[in-house]
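> Mind looking over this structure? Questions follow.
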Amino acid sequence: MTKKAFKYDMQRGLGSCVVALKNMQDAEKEAFFPIVLWGCSRDMAYDAQCEGCRSVYLYQLITEFPDAAPFIDVIKKGLFHSVHSSGWEFHQDCEILAYFVSDGIRRAWKILMACYNYMAQIFLDGCKPDQYGRFPERDNFQSLCLTLVSLCFDDQRRRQKIYQKIIKDLCILGEENPLLTVDHFEWFQSVSEDSLGKAAMHKLLYRADADDYIKTYVQLLEECQNMRAEWRKERREEPETAEELYELLKIGKRPGREWALLLACGWMRRNKEQEVLRLAAYYKDEKEWDIRCQILRMLAKKDCAWALDLTQLIKDSKSEHSELSDQAFEALSYRRDVKVRAYALELLQNNIHTTEAVSMLAKNYEARDQEIFVNAVKQIPVTYWGSGWHGAFGDILDLFYEPGEGKPKELLLYMYRNTLCSFCREYIVKEMGRRRMLTRELLEEMQYDCNEEIRKYAKKKLSDKRLKG
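Numbered per this note's numbering, the sequence shown finishes at 1578, counting up by one with no gaps.
Shown next, in the form of structure tokens:
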């Protein structure tokens, strides 16, 4: 495996990197040491929100080298450097160090506790959100707390002691800094409950001889839970008809994110298709591009795109206003129609809007399109900074769920090798499995994939193969 190929696969979290290191002598591994060290100095996930951090994966790579100390040095530096930064690098660093703790490396525990004490002090010193309302220090402190209580030790009594220390400190810090309150640590509480067990946690929090800090934490926790319950009961104020919505738009009121994502789809769930059709009519007739764009954002969804006028959609996809154009292409990707297929082929032949054309053709694919379709997919750049490929790969995968012959199976292996999103790769792998494309060699490397579900899936498949063998 070349260094270039190793780095490419490592960025994707593929198990091929772990397998390659396992098959090398220590002297051979030296050439790949700087690449893994580089990976430990940044957030490696494409979208940690859905696929999780790459901490387990990086830990697997690190442990293939004879000396972990240089990696721990880099991770320590990154941990303290990212305290004040948004993103997932801090969380990734916490988890890798926790795996070292569970492996008996005392230095890793000292680093985590030094970071804990450092962060506690910055809150006591009055740390607050930045001018944009972001508060990465609070988010990162929560990441550190939940890591300490869930990943460092298997011993339940040790975990309980860590949990007790943290909730005591949260009460103390909250008294000094009102921006650090229990209601901002819901994730920590949820993970702690999973780590300790519901029964054990209830016994710990509600025991008769609980100290004052635990009683305070319980009181604050119950207040937060009651507030959330009341909030959920409140009925969202939203328009009930297309006319009401249109009137709000005309007087300058813009729907929030929740409206844009859910309103029209909610009408579909409540059998209010006529309101969707009326809203689509407003879209077609509207002359102001920004209002038309606002309406289109609500309708450019899988459940609602059927109602939109195709001629207008194609016209808007050519708009100079990129937001309107993007929404029109999004809606077109859900439509199966000869006009959409012809438009997609036209775009591909002219080598423009390739990513959008691939999504449209995926929905309208015919066996005779295989060559142009495969070539177009392979032209789409797969980068951290551009997300167009991500949606297109999802649309291509959807194609394999549809009935029909002539599906280009080679694209499944291509997407497996090239996607940066391990969450999507999980579904690609399972589709490859259904189509009997998983060789023993592929399954062996999948055992070390960054995605936990892929690792489990591969191990089960290999076990089944051994039983059959």
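Glycine residues also receive a C-beta, built at the ideal position from the N, C-alpha and C atoms.
Ignore the nearest five residues each way along the sequence and tell me which others in residue 1586's own chain have a CB closer than 6 Å to its CB.
Nothing can be reported for residue 1586: it is not among the residues displayed for the chain, which extend from 1110 to 1578.
> Helix or strand or just coil, what does DSSP make of residue 1500?
One-based indexing of the sequence shown puts residue 1500 at position 391. It is helical.
> Assign residue 1181 to buried or exposed, taking buried as 16 or more other Cβ atoms, counted over all protein chains shown, within 10 Å of its Cβ.
To locate residue 1181, count along the sequence shown from 1; it is residue 72. With 16 or more other Cβ atoms within 10 Å, it is buried.
> What did DSSP end up calling residue 1413 once you bin it into helix, strand or coil?
For the purposes of this step, residue 1413 is identified with residue 304 of the sequence shown, where counting begins at 1. Residue state, collapsed to three classes: coil.
> Using the Cα positions of residue 1344 and residue 1351, report the straight-line distance between them to the nearest angstrom.
By 1-based counting over the sequence shown, the position of residue 1344 is 235. By 1-based counting over the sequence shown, the position of residue 1351 is 242. Bear in mind that the predicted position of residue 1344 carries a pLDDT of just 48, short of 50, making it too unreliable to give a figure here.
> Could you pull out every residue in the same chain whose Cβ sits closer than 6 Å to the Cβ of residue 1207, ignoring the five residues on either side in sequence?
Numbered from 1 along the sequence shown, position 98 holds the residue referred to as residue 1207. Taken in chain order, the residues that qualify are 1256, 1260, 1261.
> Please classify residue 1472: is it buried, with 16 or more other beta-carbons within 10 angstroms of its beta-carbon, or exposed?
In the sequence shown, the residue the question calls residue 1472 occupies position 363. When all chains shown are included, residue 1472 counts as buried.
> Please report the distance separating the alpha-carbon of residue 1547 from that of residue 1571.
Taking the sequence shown and counting its residues from 1, the one referred to as residue 1547 is at position 438. Taking the sequence shown and counting its residues from 1, the one referred to as residue 1571 is at position 462. Spanning the two alpha carbons is a distance of roughly 10 Å.
> Using CA atoms only, rank isn't needed, just tell me which of 1531, 1537, 1542 is closest to residue 1561.
The residue labelled residue 1561 in the question sits at position 452 within the sequence shown. Ranking the options by Cα distance to residue 1561, first place goes to 1531.
> Could you tell me if residue 1425 is buried or exposed, where buried requires 16 or more neighbouring beta carbons within 10 angstroms of its beta carbon?
Here residue 1425 refers to the residue found at position 316 when the sequence shown is read from its first residue. That one is buried.
> Is residue 1473 helix, strand or coil when you go by DSSP?
Taking the sequence shown and counting its residues from 1, one reaches residue 1473 at position 364. In this structure, residue 1473 counts as coil in the three-state DSSP scheme.
> Within a Cβ cutoff of 6 Å, which residues of the same chain sit near residue 1569, ignoring the five residues on either side of it in sequence?
The sequence position of residue 1569 within the sequence shown is 460, counting from 1. Same-chain partners within the cutoff: there are none.
> Please list, in chain order, all residues of the same chain as residue 1188 whose beta carbon is under 6 Å from its beta carbon, the five residues on each side excluded.
Along the sequence shown, read from residue 1 onward, the residue named residue 1188 stands at position 79. Once the five neighbours on either side are set aside, the close Cβ partners of residue 1188 are 1202, 1224.
> Would you call the CB atoms of residue 1280 and residue 1355 closer than 7 Å?
Here residue 1280 corresponds to residue number 171 of the sequence shown, with the count starting at 1. Here residue 1355 corresponds to residue number 246 of the sequence shown, with the count starting at 1. Their beta carbons are not under 7 Å apart, which means residue 1280 does not touch residue 1355 by this criterion.
> Do residue 1173 and residue 1130 have their beta-carbon atoms positioned less than 7 Å apart in this structure?
Sequence index remark: in the sequence shown, residue 1130 carries index 21 (1-based). Sequence index remark: in the sequence shown, residue 1173 carries index 64 (1-based). Taking 7 Å as the Cβ cut-off, residue 1130 and residue 1173 qualify as a contacting pair.
> I'd like the list of long-range same chain contacts for residue 1376, defined as Cβ closer than 6 Å, with 5 residues on each side in sequence excluded.
For the purposes of this step, residue 1376 is taken as residue 267 along the sequence shown, with counting starting at 1. Once the five neighbours on either side are set aside, the close Cβ partners of residue 1376 are 1384, 1385.
> Thinking just about the alpha-carbon of each residue, which of 1440, 1291, 1263 is nearest to the one in residue 1250?
Numbered from 1 along the sequence shown, position 141 holds the residue referred to as residue 1250. Measuring from the Cα of residue 1250, the nearest candidate turns out to be 1291.
> Rounded to a whole number of angstroms, what is the C-alpha to C-alpha distance between residue 1582 and residue 1139?
Because the chain spans 1110 through 1578 in this model, residue 1582 falls outside it and cannot be assessed.
> So, residue 1298 versus residue 1358, is the Cβ gap smaller than 7 Å?
Position 189 of the sequence shown, counted from the start, is the residue given in the question as residue 1298. Position 249 of the sequence shown, counted from the start, is the residue given in the question as residue 1358. No, they are not a contact pair.
> Pick out whichever of 1445, 1467, 1444 has its Cα sitting closest to the Cα of residue 1455.
Residue mapping note: residue 1455 aligns to position 346 of the sequence shown, counting from 1. Closest option to residue 1455, Cα to Cα, is 1467.
> Taking the beta carbon of residue 1493 as the centre, do at least 16 other beta carbons fall within 10 Å, making it buried, or is it exposed?
Translated into positions along the sequence shown, residue 1493 becomes position 384. With fewer than 16 Cβ atoms within 10 Å of its Cβ, residue 1493 is classed as exposed.
> Between residue 1505 and residue 1529, is the Cβ-Cβ spacing less than 7 Å?
Translated into the one-based positions of the sequence shown, residue 1505 becomes position 396. Translated into the one-based positions of the sequence shown, residue 1529 becomes position 420. No, these two residues do not count as a Cβ contact at 7 Å.
> Here's the rule I'm using: 16 or more other beta-carbon atoms within 10 Å means buried, otherwise exposed. How should residue 1378 be labelled?
In the sequence shown, the residue the question calls residue 1378 occupies position 269. The residue is exposed, with fewer than 16 neighbouring Cβ atoms inside 10 Å.
> Which of helix, strand or coil does DSSP assign to residue 1278?
Numbered from 1 along the sequence shown, position 169 holds the residue referred to as residue 1278. The answer is helix: DSSP assigns residue 1278 an H, G or I state.
> If you draw a straight line from the C-alpha of residue 1380 to the C-alpha of residue 1490, how long is it?
Numbered from 1 along the sequence shown, position 271 holds the residue referred to as residue 1380. Numbered from 1 along the sequence shown, position 381 holds the residue referred to as residue 1490. For residue 1380 and residue 1490, the distance between alpha carbons rounds to 40 Å.
> Would you say residue 1347 faces chain C, with C-beta separation under 7 Å as the test?
Of the protein chains in the structure, only one exists, and it is not chain C.
> Could you tell me the alpha carbon to alpha carbon distance between residue 1303 and residue 1265, rounded to whole angstroms?
In the sequence shown, residue 1303 corresponds to position 194, counting from 1. In the sequence shown, residue 1265 corresponds to position 156, counting from 1. Their backbone Cα atoms lie some 12 Å apart in a straight line.
> Let me know the secondary structure DSSP gives residue 1434 once reduced to three states.
The sequence position of residue 1434 within the sequence shown is 325, counting from 1. Three-state result, residue 1434: helix.
> CB residue 1555 to CB residue 1148, shorter than 7 Å?
In the sequence shown, counting from the first residue as 1, residue 1555 sits at position 446. In the sequence shown, counting from the first residue as 1, residue 1148 sits at position 39. For residue 1555 and residue 1148, no; Cβs fall outside 7 Å.
> Look at the alpha carbon of residue 1462 and the alpha carbon of residue 1349, and state the distance between them as a whole number of angstroms.
Working through the sequence shown from its first residue, we reach residue 1462 at position 353. Working through the sequence shown from its first residue, we reach residue 1349 at position 240. One C-alpha to the other measures close to 36 Å.
> What runs of the alpha helix (DSSP H), each 4 residues or longer, lie entirely inside the segment 1508-1551?
DSSP runs (the alpha helix (DSSP H)) wholly in the segment 1508-1551: 1519-1527, 1531-1543.
> Using 10 angstroms around the beta-carbon of residue 1122, count the other beta-carbons present and answer buried if the total reaches 16, otherwise exposed.
Taking the sequence shown and counting its residues from 1, the one referred to as residue 1122 is at position 13. Per the 10 Å Cβ criterion, buried.
> With residue 1372 and residue 1397 assumed to form a contact (beta carbons below 8 Å), what rounded beta-carbon distance in angstroms separates them?
For the purposes of this step, residue 1372 is taken as the residue at position 263 of the sequence shown. For the purposes of this step, residue 1397 is taken as the residue at position 288 of the sequence shown. Going by Cβ atoms, the distance from residue 1372 to residue 1397 rounds to 19 Å, so no, they are not a contact pair.
> According to DSSP, is residue 1565 part of a helix, a strand, or is it coil?
Along the sequence shown, read from residue 1 onward, the residue named residue 1565 stands at position 456. The answer is helix: DSSP assigns residue 1565 an H, G or I state.
> If you measure between the beta carbons of residue 1268 and residue 1258, is that distance less than 7 Å?
The residue given as residue 1268 occupies position 159 in the sequence shown. The residue given as residue 1258 occupies position 149 in the sequence shown. Contact flag set, yes.
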